[in-house]
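All remarks here apply to the structure that follows.
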Amino acid sequence: MTTLIVADDHPLFRSALKDVIRQEEPDATLEEASDFGDLQSVITRIGEPSLVLLDLHMPGAHGFSALLFLTAHYPDIPVLMISANERDDIIRRAADHGAAGFISKSASMEAIGQAIRNVARGDFCFPDGVDLAVPGVSEEESGVADALSELTPQQFRVATMISQGLLNKQIAYELNVTEATVKAHVTEIFRKLGVHSRTQAALKLGQLDLADVSQEES
Numbered sequence: 093m094t095t096l097i098v099a100d101d102h103p104l105f106r107s108a109l110k111d112v113i114r115q116e117e118p119d120a121t122l123e124e125a126s127d128f129g130d131l132q133s134v135i136t137r138i139g140e141p142s143l144v145l146l147d148l149h150m151p152g153a154h155g156f157s158a159l160l161f162l163t164a165h166y167p168d169i170p171v172l173m174i175s176a177n178e179r180d181d182i183i184r185r186a187a188d189h190g191a192a193g194f195i196s197k198s199a200s201m202e203a204i205g206q207a208i209r210n211v212a213r214g215d216f217c218f219p220d221g222v223d224l225a226v227p228g229v230s231e232e233e234s235g236v237a238d239a240l241s242e243l244t245p246q247q248f249r250v251a252t253m254i255s256q257g258l259l260n261k262q263i264a265y266e267l268n269v270t271e272a273t274v275k276a277h278v279t280e281i282f283r284k285l286g287v288h289s290r291t292q293a294a295l296k297l298g299q300l301d302l303a304d305v306s307q308e309e310s
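To convert, take the position in the sequence shown, counting from 1, and add 92; that gives our numbering.
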């Protein structure tokens, strides 16, 4: 049974994508996620889906953090990025970080359907005219991505919240765990990232534009 997850924070766009998928895969099981936490919960509940359609920017994730989470922990899941940001450098970086495809939100439903078909059958699908041979990710950014790939799913959540400026007490409340548990996660995050403070961690995560890449998003 084909299972697809539509991960986007706009209900109307999620609904439109689900309509397209139903035309392409009438028997597919469709799941949806409105934020990064939802996406993690859905995958935990259903197991690995056949395909994830992932918005570049959702609440709880910044820039490429959700893509990096998927490629690190679920490398066999093909990810089709969907974004209003069509800059060539963003598309190249998505490819370098492991996306199987990239489609603009302004594309026709027919084009989006074709992209879903291509990625679902194991092909890559990126816009014509974008030279993917040009590196999109610097060595420094690649190193940060590699470090993030060593984080557990819960540590990934904590790291994302650190990048948002949340304190341990706030993170503990959001994750429904004790502050001691959060402190333990923060210690491990610092070790794996090679940093010694929250500011250094945020700066390192910023090398991936986790806080800035979404500024052109709508």
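Beta carbons are placed, not taken as given, at the ideal position from N, Cα and C, and that holds for glycine.
Please return the same chain residues whose Cβ sits closer than 6 Å to the Cβ of residue i, not counting the five positions on each side in sequence.
i: G152; result: D127, F128, G129
i: L131; result: A99, A125
i: F194; result: M173, I183, A186, F218
i: L240; result: L160
Mind checking whether the beta-carbon of residue i lies closer than 7 Å to any heavy atom of the ligand NAD?
i: I183; result: As presented, the structure is devoid of all ligands, the ligand NAD included, so that no description of it is given.
For the beta strand (DSSP E) that residue i lies in, which residues bound it at each end?
i: I97; result: 95-99
i: A83; result: A question about residue 83 goes unanswered here, because the residues of the chain that appear run from 93 up to 310.
i: V171; result: 171-175
In terms of residue numbering, what span does the alpha helix (DSSP H) encompassing residue i cover?
i: I113; result: 103-116
i: R290; result: 290-298
Which residues in the same chain as residue i place their Cβ atom closer than 7 Å to its Cβ, once the five residues preceding and following it in sequence are excluded?
i: L122; result: L96, V98, K110, I113
i: L224; result: R184, A187, F218
i: E242; result: K284
i: S107; result: none
Specify the secondary structure class of residue i as computed by DSSP and reduced to three states.
i: D168; result: coil
i: G286; result: coil
i: G129; result: helix
i: E308; result: Confidence in E308 is poor, its pLDDT being 45 and thus under 50, which makes the residue's placement unreliable; the coordinate value appears in the next sentence. E308 falls in the helix class under three-state DSSP.
i: A303; result: Annotation note: pLDDT 39 at A303 (below 50); position unreliable, coordinate value reported separately. DSSP places A303 in coil when its eight states are reduced to three.
Can you list, in chain order, the residues of its chain with a C-beta nearer than 8 Å to that of residue i? Leave out the 5 residues immediately preceding and following it.
i: T270; result: A264
i: P262; result: The question names Pro, but residue 262 is Gln in the sequence shown. Cβ neighbours of Q262 beyond the five flanking positions: M253.
i: K275; result: N260
Exercise. What residue ranges within the stretch 132-166 form continuous beta strand (DSSP E) runs of no fewer than 3 residues, ordered along the chain?
Worked result: 143-147
For this session: List in chain order: all unbroken beta strand (DSSP E) runs of 3+ residues lying wholly within the stretch 181-254.
Result: 193-196
Exercise. Just checking, does the stretch 275-294 make contact with the stretch 242-255 on the three C-beta pairs under 8 Å criterion?
Worked result: yes
Problem set entry | beta strand (DSSP E) runs contained entirely in the stretch 257-283, provided each spans 3 or more residues | none
Exercise. Would the stretch 109-119 and the stretch 201-210 be scored as touching if the rule is three or more Cβ pairs under 8 Å?
Worked result: yes
For this session: Please determine if the stretch 170-181 and the stretch 139-148 are in contact, where contact requires at least 3 C-beta pairs separated by less than 8 Å.
Result: yes
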